[in-house]
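Residue numbers (the working numbering): 1 to 177. Beta carbons: idealized from backbone N, C-alpha and C, even for Gly. Only one structure is covered here, and it is reproduced in the block below.
Structure, rendered in structure tokens:
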């Protein structure tokens, strides 16, 4: 599977970094439904790349920190993308949309599993964090905080470490998978 030139790139595409890592970008209902057949076929082939680490990013989260867990797009993503993430042992998924920080427990089929995927987000990317609206009691959340932040991802052949740093330069969350 070859990566398309940038000028022809769809709203879903991937970047492969050597034989170790693939970074997959998906369209979570910006232009296409998560269940779009072309995107689903692409996702399966991109996740099947012969790499040891797989990452995804998209806008609307499977596991939101602020918005409803039962939103129609969230459900469609969990039903369509979730099984493929589980099948191919997705390393980490970077989610957005809620303008909050969250890290989930490792999840397989919406159940905590020590071999599952960690979902990190929910994307501030220059936006002001929503204040006081995240729900720390959601069954899938490991860490949640209303703060502007950036993520540093350190990758070795044996592990991936994500450090969340606030605007004061303080690392307030870190996980290694």
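Residue i to residue j span [Cα, whole Å]
| i | j | result |
| --- | --- | --- |
| residue 143 | residue 39 | 30 Å |
| residue 139 | residue 151 | 23 Å |
| residue 129 | residue 158 | 33 Å |
| residue 47 | residue 18 | 15 Å |
| residue 167 | residue 102 | 16 Å |
| residue 63 | residue 9 | 27 Å |
| residue 75 | residue 68 | 10 Å |
| residue 115 | residue 65 | 22 Å |
| residue 174 | residue 162 | 6 Å |
| residue 153 | residue 72 | 30 Å |
| residue 141 | residue 86 | 18 Å |
| residue 84 | residue 131 | 33 Å |
| residue 54 | residue 104 | 17 Å |
| residue 146 | residue 21 | 30 Å |
Bridge-paired residues (DSSP) for residue i
| i | result |
| --- | --- |
| residue 55 | 23, 92 |
Expected contact under 8 Å - CB spacing of residue i and residue j to nearest Å
| i | j | result |
| --- | --- | --- |
| residue 160 | residue 176 | 7 Å |
Practice task
Please confirm if the region 19 to 37 is in contact with the region 46 to 59, defined as three or more CB-CB distances below 8 Å between the two stretches.
Solution key: yes
Problem - Entirely enclosed alpha helix (DSSP H) segments - the region 59 to 88, minimum 4 residues - result: 72 to 87
Exercise for the section: Flag this pair as touching only if the region 79 to 97 and the region 116 to 127 have three or more C-beta atom pairs under 8 Å; answer yes or no. Expected result: Touching, yes.
Practice task
Return the chain-ordered ranges of every alpha helix (DSSP H) run that is complete within the region 95 to 176 and spans a minimum of 4 residues.
Solution key: none
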